[in-house]
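Visitor: Position one of the sequence shown corresponds to residue 50 (this note's numbering), numbered consecutively onward.
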Amino acid sequence: MRYFNAGDRIITIDGVDPFAQLFFLHVKFWPMSAAGQQRQGGAHPLSGVANIGRLGNCSDISARDLRPMGQYPRLGKATVLARVFYATLKQHRGALKSICFAPVPRHDLHPCVRRYLTGLITAFQTLCEKVSSNLCDRPRSDDLLNWYDQNARVLPWRIAPALSKSGHLPDPYRVWLSEIMLQQTTVAAVKPYFLKFTSRWPDVRALASAQDPDVMAAWAGLGYYARARNLLKCARAVTDDHNGVFPQELSSLLKLPGIGPYTAAAISAIAFQQDATVVDGNVERVMARLHAVQTPLPDAKIELTQKAARLTPTARPGDYAQAVMDLGATVCTPKKPSCDICPWCANCGALTQGITAELPKKRPKPQKPTRYGIVYYVERADGAVLLERRPDRGLLGGMLGWPGSAWDDAPKDAPPVRATWTTLPQRVRHTFTHFHLELTIKTAQLSLSEPVQHGAFIDRHQFRPAELPTVMRKVFDLVNSAEFGYHQPILKTGHDVP
Ligand code: SF4
50 MRYFNAGDRI ITIDGVDPFA QLFFLHVKFW PMSAAGQQRQ GGAHPLSGVA
100 NIGRLGNCSD ISARDLRPMG QYPRLGKATV LARVFYATLK QHRGALKSIC
150 FAPVPRHDLH PCVRRYLTGL ITAFQTLCEK VSSNLCDRPR SDDLLNWYDQ
200 NARVLPWRIA PALSKSGHLP DPYRVWLSEI MLQQTTVAAV KPYFLKFTSR
250 WPDVRALASA QDPDVMAAWA GLGYYARARN LLKCARAVTD DHNGVFPQEL
300 SSLLKLPGIG PYTAAAISAI AFQQDATVVD GNVERVMARL HAVQTPLPDA
350 KIELTQKAAR LTPTARPGDY AQAVMDLGAT VCTPKKPSCD ICPWCANCGA
400 LTQGITAELP KKRPKPQKPT RYGIVYYVER ADGAVLLERR PDRGLLGGML
450 GWPGSAWDDA PKDAPPVRAT WTTLPQRVRH TFTHFHLELT IKTAQLSLSE
500 PVQHGAFIDR HQFRPAELPT VMRKVFDLVN SAEFGYHQPI LKTGHDVP
């Protein structure tokens, strides 16, 4: 048995100071890299060790002396060790104080005392090594599930973890609807749409029998309108081909319109507690940091999915999927992750290496091009406005919009009617996934009898700007802004003229 003094200098093997031995164990497992020291947000990681070191022999230990080691809240991996350290010392403090006068020559120790000390140190060493190997090897899904049980977000499409643990399952319709809505969008943006849809169409059969324009109008503003068209197709397929019941298996779910691998896994895991791994942007970020994956996205997708799959438990896979999503959304956030409250802080590769801010790495995106277009805002003498429904296929497919030109580098004039046009001095700018768009707006007023080449007039009582996609709504808002003052009070509300 080796003896170390408080300065961690090996002296000899002839005596034992349990306190110094514990100190040594702590030092041994401490991440000593410069990066490790930097990540602690001001508290130097060795300061705790230095405090212990200053105490000298175990006979000096008091509860107050030990407390600082157990109270470093932001030390991640070290916090766990410090807490184990503190708890163990606290538990054995009385015994240590009464029997240890260090350094004690081994031959002077009573055999009982020696056995006691040997047992104590061996037990502590085993404990430390166990904790250390847990820390360094891999995170446990149980730790995350325990955290989720206390910290799950309350969302309108979810059931609470306590209910889920007691065997309840959420409504697959609500899970499916929320997952489709959440693609490319935030929870905050989705909530009002989800509530609107479920109050108007409370189950899949109700949605399947809805009118297409009603669903498209209800979806307006949520973007990615192909999702709304697929939503309807999927609701009808579930109603017609599956008797209104969502299938549980991934293979059957994948055959439904608008359901890809991510959504199928989410429905299967969350709605049916099937053993499926759910990997979205949040999960990718958590996995990249947890395992310190340096490969940039999207190249790292397969590796991150494999790591996520290895962590997915067979028990409560749905809760686990939601737990990782919640961790990514609320703790392991893109900027400034809150590692001090993370249930996996003791196992996190990025935290240990001090590189949380650098991960996940991403391949640089190509610059978005800018396209140009012309839109025509036409108002008739009775206040009706000229709109047209866009073709089902393509951008903003199936949505209402103002008539206009194609969107390209040099758009050609394509007025929907012969009129005297006024070009607004300001343009509308909007960004789609792959390009920026700049729209020139031309306005005109028409008499009641003027024929139009395409589009149709919508009565002012029936026109609801909220049913336009965002870019078309921007056009409407600009035309009706205070600056241009084009029938602003009437059309903004969609109500009748006083
Ligand atoms: S919050 Fe911090 S400790 Fe937790 S996984 Fe993310 S980077 Fe690691």
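Backbone N, C-alpha and C define an ideal beta-carbon position, used for all residues, glycine too.
Hey, which unbroken runs of the beta strand (DSSP E) at 3 residues or more fall wholly within the stretch 453 to 531?
Guide: Fully enclosed beta strand (DSSP E) runs of 3 or longer: 477 to 480, 485 to 495, 505 to 507.
Visitor: With C-beta atoms as the reference, is L527 less than 8 Å away from L473?
Guide: Closer than 8 Å, so yes.
Visitor: Judging by CA-CA distance, which residue of A286, P219, H291 is the nearest neighbour of I316?
Guide: Taking only the C-alpha atoms, the option nearest I316 is P219.
Visitor: Look up L449 in the DSSP assignment and say whether it is helix, strand or coil.
Guide: L449 falls in the strand class under three-state DSSP.
Visitor: From Q260 to A266, what distance separates their C-alpha atoms?
Guide: One C-alpha to the other measures close to 10 Å.
Visitor: Rounding to the nearest angstrom, what Cα-Cα distance links L193 and N331 in this structure?
Guide: Taking the straight line from one Cα to the other gives about 15 Å.
Visitor: What would DSSP say about E428, mapped onto helix, strand or coil?
Guide: Note: E428 maps to strand in three-state DSSP.
Visitor: Where do the ends of the alpha helix (DSSP H) carrying E333 lie?
Guide: That run of the alpha helix (DSSP H) goes 330 to 339.
Visitor: Over the uninterrupted alpha helix (DSSP H) stretch that includes E228, give me the two end residues.
Guide: 221 to 231 is the extent of the alpha helix (DSSP H) around E228.
Visitor: For L346, does the three-state DSSP call read helix, strand or coil?
Guide: DSSP places L346 in strand when its eight states are reduced to three.
Visitor: Which residue or residues does DSSP assign as beta-bridge partners of Y435?
Guide: Here the sequence assigns Leu to residue 435, which means Tyr is not the residue at that position. DSSP lists F506 as partners of L435.
Visitor: Below 8 Å CB to CB, which residues in the same chain sit around I390 once its five sequence neighbours on both sides are set aside?
Guide: The answer, listed in chain order, is V380.
Visitor: Identify the residues that DSSP records as bridge partners of R420: which are they?
Guide: Answer is L486.
Visitor: The alpha helix (DSSP H) that contains Y369, what's its start and end?
Guide: Element bounds for Y369: 366 to 379.
Visitor: For K411, which beta-bridge partners are listed by DSSP?
Guide: L346.
Visitor: What do you reckon, is the C-beta of L194 under 7 Å from a heavy atom of the ligand SF4?
Guide: No; taking the cut-off as 7 Å, the Cβ of L194 has no heavy atom of the ligand SF4 nearer than that.
Visitor: On the three-state DSSP scale, how would you describe P386?
Guide: P386: coil per DSSP, three-state reduction.
Visitor: Can you tell me whether P409 sits near the ligand COA, meaning its C-beta is under 7 Å from at least one heavy atom of the ligand?
Guide: The model depicted lacks the ligand COA and carries the ligand SF4 instead.
Visitor: Let me make sure I understand the geometry here. Which of R509, V427, G309, G168 has the alpha-carbon closest to that of E499?
Guide: With distances taken between Cα atoms, E499 lies closest to V427.
Visitor: Quick one: what does DSSP say N195 is sitting in, helix, strand or coil?
Guide: Three-state result, N195: helix.
Visitor: Grab me the residues of P465's own chain with a C-beta within less than 8 Å of its C-beta, minus the 5 sequence neighbours each way, in chain order.
Guide: Within the same chain, P465 has close Cβ partners Y425, V427, L435, E437, P452, V501, Q502, H503, G504.
Visitor: Express the C-alpha separation of G443 and S215 in angstroms, rounding to a whole number.
Guide: Approximately 46 Å between the Cα atoms of the pair.
Visitor: Closest by CA to G595, which one among A257, A395, S387, A275?
Guide: With the chain covering 50 to 547 only, the question about residue 595 has no answer from this structure.
Visitor: Answer with buried or exposed for V328, where buried requires no fewer than 16 other C-beta atoms within 10 angstroms of its C-beta.
Guide: It is buried - the Cβ of V328 has at least 16 other Cβ atoms within 10 Å.
Visitor: Are E487 and T419 touching if we call contact CB-CB under 8 Å?
Guide: Yes, Cβ-Cβ distance for E487 and T419 is below 8 Å.
Visitor: What's the call for L226, buried or exposed, on a 16-neighbour Cβ count within 10 Å?
Guide: Burial call: buried.
Visitor: How would you label S190, buried or exposed, when you count the other beta carbons within 10 angstroms and need 16 or more for buried?
Guide: Buried, since its Cβ has 16 or more Cβ neighbours within 10 Å.
Visitor: Within the 8 Å Cβ cut-off, does L360 reach chain B?
Guide: Any reference to chain B falls outside this structure, which holds one protein chain only.
Visitor: Can you tell me the Cα-Cα spacing of P20 and T361, whole angstroms?
Guide: Outside the displayed span of the chain (50 to 547) sits residue 20, for which this structure offers no information.
Visitor: Check this for me: beta carbons of A314 and L299, under 8 Å apart or not?
Guide: Contact flag set, yes.
Visitor: Distance, Cα to Cα, L449 vs L400?
Guide: So the two alpha carbons sit approximately 49 Å from each other.
Visitor: Considering only residues of the stretch 297 to 326, which uninterrupted alpha helix (DSSP H) runs meet the minimum length of 4 residues and lie entirely inside it, listed in chain order?
Guide: Those alpha helix (DSSP H) runs which fall completely within the stretch 297 to 326 and span 4+ residues are 299 to 302, 310 to 315.
Visitor: Can you round the beta-carbon distance between A318 and G377 to whole angstroms, since I take them to be within the 8 Å contact cut?
Guide: Not really, about 16 Å apart at Cβ, beyond 8 Å.
Visitor: Nearer than 7 Å: is that true of the beta carbon of A364 relative to any heavy atom of the ligand SF4?
Guide: No, since every heavy atom of the ligand SF4 falls outside the 7 Å radius drawn around the Cβ of A364.
Visitor: Consult DSSP for F295 and reduce its assignment to one of helix, strand or coil.
Guide: Three-state result, F295: coil.
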